[in-house]
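Protein chains in written order, with the numbering used here: chain R, 1 to 344; chain H, 345 to 688.
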DNA sequence: TTGAAAGCGCTAACAT
DNA sequence: ATGTTAGCGCTTTCAA
């Protein structure tokens, strides 16, 4: 348990330096001595002390990942992508669950500042672009998923929110809808902003006038979606479709509809974003947008590690991946139904 | 970024030792010098180097947590409990996602061996009791959730599988069922074994003869549950209720029933275990067993940290928490339905 | 109350 | 190809 490199060296009849060489680069050592050393390591059950190694080499080969909340498959899938790719490159990953608190995110930033990790990946955090840029400017390695930051040293991967949002609305229009409500997420989140932008552009595409009262805020949460829909109904607005900026809010819409006796999709079509696992179990199954989460994590971390190893520089820093619309029951009229939307 | 303790010391006009004292124990330092030092730290933006600290102090104040798969709320809830309590005690937590591979679990064991972490918590891992005990015997700190290990130095927290399984079966019997199928998890998992035991005891409680063909293996997975139900039906067995050892398998049962045209709960009652989030969204809502996951994590880590700090010894090492049966639609006959179970 | 100095376990530059 | 040795940045005895 507390055998150290000198013990191994003594047992193998070599110097600590040689043991170190065997442990790291295998070149510069005879096969014969290499075997002697390996044998000694084996027999002593020796494990190099990480702290000593990190202190001496000034790197930990560890990447930190801050996720907004690990209780959602959006984050866990991305993390899996990051982790597997990182391990393949000899890097460890520390997962941090910020539980939706900015304060907790800040807490985890210390991992970077105290050099516990070599680099930090933020998955759509609450921390602002400015704060992230400040870190990068100080020389720390930072990368982001699900967000675009204008900075030479910050790798990004995200999906084109505007693009898929337009597709969502287009699909709804093709189903005969014109009174389409948009449920926004956190008002200051980039994702919200861009999805709203896509919604607006799509309305223009189809010559549908924009009605400000058709946009409600649901803060990306189930309960937020629930309350947003209730507010809309109370306002006596007449609409036939809801585009929720994520599946969580769509779930809230389902709950509100159940209470109010609104039938999905006949009286109200619903589409979410994220392809949350629940979306295909719920009744009716929820139409949604799928992002290639695992791939996003993997692509990003590969680039990130390259950057940290200085193998590669600024050639390709930003990765935009494609999302796909998954049409399920919640946005399609039931077979046999003749009537158009809005027939309450 | 690379300011060190000597820089702070120089700036504050004191010795490195004094700075260290300010940083750790605040006693033995005048308020005046403490303020001087704090000011210097602030102005230089100094952050102590973790590796150096760990190397010197021989502890990292970090706990590792290996979860079988972070893609399930069972694990994430426990992790949240662990993390929040650990942080409150000044400990960091490293989350490891083993993705259901024993090999990956072994990989993460290195964190313990190379002293990156002071202690390791395993949440129902695939690693065997023997392997865990071996670590403990070597002097490493290890603890487990959802499993009971007979060893003085290994804190455990789990829920009484036998007890709640009996309750589940009792509830089904009270609903009029006698032909109750049990869907087992991994055949070698303790949880499976104990839930099966509870099932058997309950049958005895109600004088229902045990039929071996009523037990099928579903490996705790959705697909496993799906296939298990199909096998049962192919065997032409007649049964009116399914007790699945977890919600995932119950989900598989739902899918199989949908394909086979079996109505839940009228033709088949279903109960799972875990209170997975999906269980209350699915139609019909799934009856299940809820374990106090967050609390389990919190209780355990508190004890574990005490142990690592040697504040406390062997007085209370094993925590058994209570689970509760949550009855939802999948195990209740629809209102208005007169007929008993099994009326296909 | 504060400072001087040793040393945690490792790697890498330099020497042989 | 292998050994010697300095030093990574910190904490903690011991001395003042």
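Glycine is no exception: its CB is placed at the ideal position from the N, C-alpha and C atoms.
- In the same chain as residue 448/H, and ignoring 5 residues on each side of it, the C-beta atoms closer than 7 Å to its own belong to 442, in chain order.
- At a cut-off of 8 Å between beta carbons, residue 251/R contacts chain H.
- Between the segment 381-394 of chain H and the segment 107-124 of chain R there are three or more C-beta pairs closer than 8 Å, enough to call the two in contact.
- Under the three-state reduction of DSSP output, residue 231/R falls in the helix class.
- Following the DSSP letters along the chain, one finds residue 191/R inside the alpha helix (DSSP H) bounded by residues 190-205.
- When DSSP states are grouped into helix, strand and coil, residue 361/H belongs to the helix group.
- Against chain R, the CB of residue 457/H has a partner CB under 8 Å away; the residue lies at that interface.
- Less than 8 Å separates the beta-carbon of residue 613/H from that of residue 516/H.
- Chain R has no Cβ within less than 8 Å of the Cβ of residue 611/H.
- Among the residues of the segment 116-140 of chain R, those with a Cβ less than 8 Å away from any Cβ of chain H are 116, 138, 139, 140, in the order of the chain.
- Two segments are said to touch when three or more pairs of C-beta atoms, one from each, lie closer than 8 Å; by this definition the segment 664-680 of chain H touches the segment 503-518 of chain H.
- For residue 408/H, the enclosing beta strand (DSSP E) has its first and last residue at 406-411.
- With 16 or more other Cβ atoms from the protein chains shown falling within 10 Å of its own Cβ, residue 126/R counts as buried.
- A check of alpha carbon separations from residue 286/R across 261/R, 302/R, 306/R, 329/R identifies 329/R as the nearest.
- Straight-line measurement puts the Cα of residue 348/H at about 42 Å from the Cα of residue 416/H.
- Across the structure, residue 236/R and residue 106/R are spaced so that their CA atoms are roughly 43 Å apart.
- Comparing alpha-carbon positions, the option among 123/R, 19/R, 53/R, 108/R lying closest to residue 68/R turns out to be 123/R.
- At a beta-carbon threshold of 7 Å, the residues of chain H lying near residue 54/R are 395, ordered along the chain.
- By the Cβ criterion, the segment 222-240 of chain R is not in contact with the segment 141-151 of chain R, since fewer than three pairs of Cβ atoms, one from each stretch, lie closer than 8 Å.
- Straight-line spacing of the CA atoms in residue 523/H and residue 590/H works out to 19 Å.
- Under the 10 Å beta carbon count, residue 25/R is surrounded by fewer than 16 other beta carbons and is classified as exposed.
- The Cβ atoms of residue 353/H and residue 362/H lie closer than 8 Å to each other.
- Here residue 149/R is not near residue 621/H, since their CB atoms are 8 Å or more apart.
- Going by DSSP, residue 353/H is part of the alpha helix (DSSP H) stretching over 349-356.
- At a cut-off of 8 Å between C-beta atoms, residue 567/H does not count as an interface residue with respect to chain R.
- Boundaries of the alpha helix (DSSP H) harbouring residue 44/R: 31-44, taken from the DSSP string.
- Within the segment 580-661 of chain H, the runs of alpha helix (DSSP H) that reach at least 4 residues and sit entirely inside it are, in chain order, 591-604, 637-652.
- Counting only the Cα atoms, residue 520/H lies some 28 Å from residue 567/H.
- Secondary structure of residue 449/H (DSSP, three-state): helix.
- Counting the other Cβ atoms within 10 Å of the Cβ of residue 54/R gives 16 or more, which makes it buried.
- Counting only Cβ-Cβ distances below 9 Å, residue 80/R has contacts in chain H at 414, 415, 441, 443, in chain order.
- At a cut-off of 8 Å between beta-carbon atoms, residue 638/H makes no contact with chain R.
- Within chain H, the C-beta atoms nearer than 8 Å to that of residue 48/R come from 458, in chain order.
- Contact with chain H is absent for residue 30/R, since none of that chain's Cβ atoms lies less than 8 Å from the residue's Cβ.
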